[in-house]
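Undergrad: Quick note on numbering: UniProt numbering labels position 8 of the sequence shown as 8, and the sequence is numbered without any gaps. Ideal Cβ positions, reconstructed from N, Cα and C, are used throughout, including at glycine. Every value quoted in this text rests on a predicted model; they were computed, and no experiment measured them.
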Amino acid sequence: MSDFDTPKRAVVFGYHNVGVRCLKVLLAGGVDVALVVTHEDSASENIWFESVISLCEAEGIPYITPADARSPELLAQVQAAKPDLMFSFYYRHMLPAELLAVAPAFNMHGSLLPEYRGRAPVNWAVLHGATVTGATLHEMTVKPDAGDIVSQMEVPILPDDTAHEVFGKVQVAAEQALWRVLPSLLDGSAPRLRNDLTKGGYFSGRKPEDGRIDWNLPAQQVYNLHRAVAPPYPGAFTDINGVRYVIQRARLNGNFGNVVSLGLPLGLTVVDNCIFGVCGDGRMLTISSLTADGEPITAEQLQARLAA
């Protein structure tokens, strides 16, 4: 068999749905996946996504779950696999320069680079009211999300899409972006587009506390926060008398008139047996599902609490 006919060997760093789908693309494209580096699924985490480990077990692919991406043991294992290419598909650790030097490496990022570099790109895009996002396959460098762009696929963010819904679209976009460019990646002819870091911005990870609602903000901003962190993420919340209320489902309504003159305070309120969130610009969110300290609460129950 000639070198041309020999399948390319790859080491894949992967996790989450994007890790599963993109790993399947490599297998369908005839890539010899010699090793997968992934994470153990944590019992303390809300696991709503597919398991890379389960896919590896089903396909008979060797996998490891190192705690430290900088360990000499991991570097030795990757070197021993003798990859022609390396890929990172939603792997959660930064890869050090020593690892990146083993073979050409490519990362799948959940935005249209250079927009929304860094952590939680889908959540940040929704929070900022973006109307489009997508997935980008790019060369990996020590500086995160900074390498040349190899392939991109965009998807729309509709006005009422939650981050979870957008992530579903981005997952498909990632699969398409990789599938489209894989043949040229394997034969070395894939294009490169400069990733202009003077555009876009870099964002850090998000914590549950970042979901706290500031009712002084305009309703669109509060609604965008809800969409960005709606379940299965921790949710947008407000604390009243020591009770944490988390919005599960809501919609942004039009202007209900001068709510201040109606005597409605900012924050949660009940009108005609419906729960609303009154915002700083006089507009309101209609809240169709709300929890109080983790338990569902009705409009009648909330009204009684607010009146107490």
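#1: Of the choices T291, P265, V229, whose alpha-carbon is the least far from that of A163?
#2: Could you spell out the range, first to last residue, of the beta strand (DSSP E) harbouring D32?
#3: Using 10 angstroms around the beta-carbon of G211, count the other beta-carbons present and answer buried if the total reaches 16, otherwise exposed.
#4: Measuring alpha carbon to alpha carbon, tell me which residue in A120, F49, D281 is nearest Y202.
#5: Less than 8 Å between C-beta atoms, sequence neighbours within five positions excluded: which residues of the same chain meet that for V222?
#6: Quick check on the burial criterion: 16 or more other C-beta atoms within 10 angstroms. Buried or exposed for R283?
#7: What residue does the alpha helix (DSSP H) around H164 start on, and which one ends it?
#8: Label D272 either buried or exposed according to how many other C-beta atoms from any shown protein chain fall within 10 Å of its C-beta, with 16 as the threshold for buried.
#9: May I ask you to list the residues that DSSP assigns as paired with Q152?
#10: List the whole-angstrom C-beta distance separating residue 337 from D281, where the pair is believed to meet the contact cut-off of C-beta under 8 Å.
#11: Measuring alpha carbon to alpha carbon, tell me which of S289, C56, D41 ends up nearest L23.
#12: For P156 versus T131, is the C-beta distance shorter than 8 Å?
#13: If you scan the UniProt domain "Formyl transferase C-terminal" (207-302) from start to end, which runs of the alpha helix (DSSP H) of 4 or more residues do you find wholly inside it?
#14: Does the pairing of the region 23-34 with the region 94-108 give three or more beta-carbon distances under 8 Å?
#15: Compute the Euclidean distance between the alpha carbons of I240 and A250, then round it to the nearest angstrom.
TA: With the structure as the only source:
#1: If we check each option's Cα against that of A163, V229 comes out closest.
#2: 32-37
#3: Answer is buried; the Cβ neighbour count reaches 16.
#4: A120
#5: I213, D214, W215, A236, G277, C279, L285
#6: buried
#7: From DSSP, the alpha helix (DSSP H) with H164 extends over 163-187.
#8: exposed
#9: Answer is T136, bridged to Q152.
#10: Because the chain is modelled from 1 through 308, residue 337 falls outside the range shown and cannot be assessed.
#11: C56
#12: yes
#13: Here the runs fully enclosed are 219-229.
#14: no
#15: 19 Å
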